[in-house]
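Going by full-length UniProt numbering, the letters in the sequence shown line up with residues 1 to 434, in that order. The beta carbon of each residue, even a glycine, is placed where N, CA and C say it ideally should be. Note that the structure is a prediction, hence the values are computed from the model and not measured. What follows is a short report on a single structure.
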Amino acid sequence: MTGVMRASLYLNKLEMMDPFSCILTRYDMGILVIGQDGLTLSGFLLSFERFMFFTNVNAYQRIFNPVCTKHIIYCAFIVGILDYMLCWFLAYSRRAEQIQGHCQRSETTSESYFAVYMIVTVLLAAGSLIFYLLTFLSVSNWGRQNNEKGSLRQLRHIRERKILNSLALVSVLIAAMNLLPWFAYFFIFHSTSNQIMFNAAKLLDNLYLPVSTLLYLIIHPDLSPTEEDLVDSMMVTKECSSAKHYPVQLHSAVLTYNNGKYAYPVDISQPATLWIMFDNSDKRISNVSADLTLQKKVQKLGINKWISVPTFGLLYEPPVNFKNTVIINLKLNNTGEQLNNITSQVHVSRKTTVLSYVKWIPIPVGSVIKQKVDKCTCCPIKKGINVIKMVIDTDKYPVIKKIPLSGEYSLELTLADPNSTAELFCGTIQMELV
Numbered sequence: 001m002t003g004v005m006r007a008s009l010y011l012n013k014l015e016m017m018d019p020f021s022c023i024l025t026r027y028d029m030g031i032l033v034i035g036q037d038g039l040t041l042s043g044f045l046l047s048f049e050r051f052m053f054f055t056n057v058n059a060y061q062r063i064f065n066p067v068c069t070k071h072i073i074y075c076a077f078i079v080g081i082l083d084y085m086l087c088w089f090l091a092y093s094r095r096a097e098q099i100q101g102h103c104q105r106s107e108t109t110s111e112s113y114f115a116v117y118m119i120v121t122v123l124l125a126a127g128s129l130i131f132y133l134l135t136f137l138s139v140s141n142w143g144r145q146n147n148e149k150g151s152l153r154q155l156r157h158i159r160e161r162k163i164l165n166s167l168a169l170v171s172v173l174i175a176a177m178n179l180l181p182w183f184a185y186f187f188i189f190h191s192t193s194n195q196i197m198f199n200a201a202k203l204l205d206n207l208y209l210p211v212s213t214l215l216y217l218i219i220h221p222d223l224s225p226t227e228e229d230l231v232d233s234m235m236v237t238k239e240c241s242s243a244k245h246y247p248v249q250l251h252s253a254v255l256t257y258n259n260g261k262y263a264y265p266v267d268i269s270q271p272a273t274l275w276i277m278f279d280n281s282d283k284r285i286s287n288v289s290a291d292l293t294l295q296k297k298v299q300k301l302g303i304n305k306w307i308s309v310p311t312f313g314l315l316y317e318p319p320v321n322f323k324n325t326v327i328i329n330l331k332l333n334n335t336g337e338q339l340n341n342i343t344s345q346v347h348v349s350r351k352t353t354v355l356s357y358v359k360w361i362p363i364p365v366g367s368v369i370k371q372k373v374d375k376c377t378c379c380p381i382k383k384g385i386n387v388i389k390m391v392i393d394t395d396k397y398p399v400i401k402k403i404p405l406s407g408e409y410s411l412e413l414t415l416a417d418p419n420s421t422a423e424l425f426c427g428t429i430q431m432e433l434v
């Protein structure tokens, strides 16, 4: 809309009017000013966000948590609103003057304002490019120092490098669209011999706002490929609620087979290991409870629906104790010689009454009852980066191999403080099984 309005007013550039009437006539001026300011600031902040993400994870979690990010976005658009109000004030103060009818911001406002606006815009665009350059240098240096193929960090690095490449490419194009018109205006604004170049610069400036917004929409992970498309090629990790801020943040999740190769789509008939990398921005966590839920996506009457899937204890290898877990402590007194290697078997039976007779019925427990009662896997959860290793071995459960498990699955993991019941983390991992 702003492009069409600017083009129509440019055709009437010979018509003269005062600056205040220009702003009144150009009803798109607010969208243009707020949109350009918000886009320029957001592009700069996005480059800074990527720089912090790859260079200082702890600072990144503090600055760009969901609550702070929302406030930063609000501030970017508040700056645009204040700028628009300033344009109204400057145009009103110059209402006695006459300008051309295409109502450029350089003519409706004062020269000092436009000079400051031009300098700030150029500095923000240049700063965005500098942050992306520093990020590329940091990522490249990390890649050279950590070249262990097949590791979790290496797989995560490759995936995030692809996202960074597409984001930086779009940002360079947007910065070029933003900077080139300014340089053209600076060198040929008062020259009549370069009218073609001047018109090209105006056209590029006119396309800056809609094209930039479209490019960001194309590469945005929530708006470009759908989750269904992403799950076809990679695991999709996300928080249960974007409105909440969890002290523990999920970074990535990958599956590898026993030979170390990346497993995707996941062949459930082969033993695999699920690696989950997360960051604890809070203090050291020594006691937490966890809940793990597996769901499968099914389609009924054209509508996707998630249904819960029983795991038979297959996924019971959590980093911490599950909710509602009964822990049985056994104290043994060995009166004989020292035992260096022992094995144990645990059976569970339920007492029932059949025709007035008491009978014990065995209950299959899979691996729900653990023999390693003296060990808590991955406990405690230290502050900073943590890696959870969950072994998924279907060889122990032949019946599972006979069940058709192909399709898209979602694994939801919730961590909570058992003392205050406050959630420390809630995230989902979506994957495709074959």
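8 Å contact criterion, which residue i and residue j should meet: CB distance rounded
i: residue 50; j: residue 164; result: 6 Å
i: residue 179; j: residue 125; result: 5 Å
i: residue 30; j: residue 84; result: 5 Å
i: residue 132; j: residue 168; result: 5 Å
i: residue 382; j: residue 280; result: 7 Å
i: residue 273; j: residue 256; result: 5 Å
i: residue 215; j: residue 170; result: 5 Å
i: residue 431; j: residue 266; result: 6 Å
Exposure label - residue i; buried when at least 16 CB within 10 Å
i: residue 92; result: exposed
i: residue 111; result: exposed
i: residue 411; result: buried
i: residue 16; result: exposed
i: residue 120; result: exposed
i: residue 278; result: buried
i: residue 34; result: buried
i: residue 391; result: exposed
i: residue 271; result: exposed
i: residue 47; result: buried
i: residue 413; result: buried
i: residue 429; result: buried
i: residue 341; result: With a pLDDT of 47 at residue 341, under the threshold of 50, the modelled position of that residue is not reliable, and the figure given next carries that caveat. Per the 10 Å Cβ criterion, exposed.
i: residue 303; result: exposed
i: residue 268; result: buried
Per DSSP, the bridge partner or partners of residue i
i: residue 426; result: 414
i: residue 389; result: 275
i: residue 76; result: None, per the DSSP bridge assignment.
i: residue 293; result: 412
i: residue 253; result: 276
i: residue 49; result: Looking at the DSSP assignment, residue 49 forms no beta bridge with any residue, so it has no partner.
i: residue 238; result: 428
i: residue 38; result: In DSSP, residue 38 forms no bridge with anything.
i: residue 81; result: Paired residue(s): none; residue 81 is not in a bridge.
i: residue 180; result: Paired residues: none, contrary to the question.
i: residue 104; result: Beta-bridge pairing links residue 104 to no other residue.
i: residue 99; result: 17
i: residue 454; result: Because the chain is modelled from 1 through 434, residue 454 falls outside the range shown and cannot be assessed.
i: residue 266; result: 433
i: residue 407; result: 433
i: residue 30; result: Partner(s): none; residue 30 has no beta bridge.
Nearest residue (CA-CA) to residue i, options the options
i: residue 409; options: 417, 264, 48; result: 264
i: residue 424; options: 431, 415, 430, 432; result: 415
i: residue 452; options: 96, 64, 90, 44; result: What the structure shows of the chain is the stretch from 1 to 434, and residue 452 is not part of that stretch, so it cannot be assessed.
i: residue 55; options: 18, 20, 134; result: 134
i: residue 174; options: 203, 422, 211, 240; result: 211
i: residue 297; options: 406, 46, 200; result: 406
i: residue 176; options: 40, 434, 90; result: 40
i: residue 32; options: 64, 58, 207, 390; result: 207
i: residue 20; options: 139, 422, 385, 99; result: 99
i: residue 237; options: 67, 276, 246, 86; result: 276
i: residue 89; options: 166, 109, 427, 235; result: 109
i: residue 240; options: 426, 82, 52; result: 426
i: residue 117; options: 137, 79, 53, 67; result: 79
i: residue 235; options: 36, 22, 433, 307; result: 433
i: residue 247; options: 36, 53, 66; result: 66
i: residue 113; options: 87, 388, 387; result: 87
i: residue 417; options: 81, 53, 61, 284; result: 284
i: residue 386; options: 58, 261, 245; result: 58
i: residue 82; options: 36, 384, 60; result: 36
i: residue 384; options: 61, 18, 96; result: 61
i: residue 42; options: 140, 127, 307, 244; result: 127
i: residue 282; options: 261, 94, 245; result: 245
i: residue 95; options: 166, 63, 22; result: 22
Closer than 9 Å to chain D by CB, residue i
i: residue 137; result: Reference to chain D is not applicable here, since this structure consists of a single protein chain.
Touch test, the region 71-91 against the region 246-261, Cβ-Cβ under 8 Å, three pairs minimum: no
How about the region 95-104 and the region 19-26: do they share at least three Cβ pairs that are nearer than 8 Å? yes
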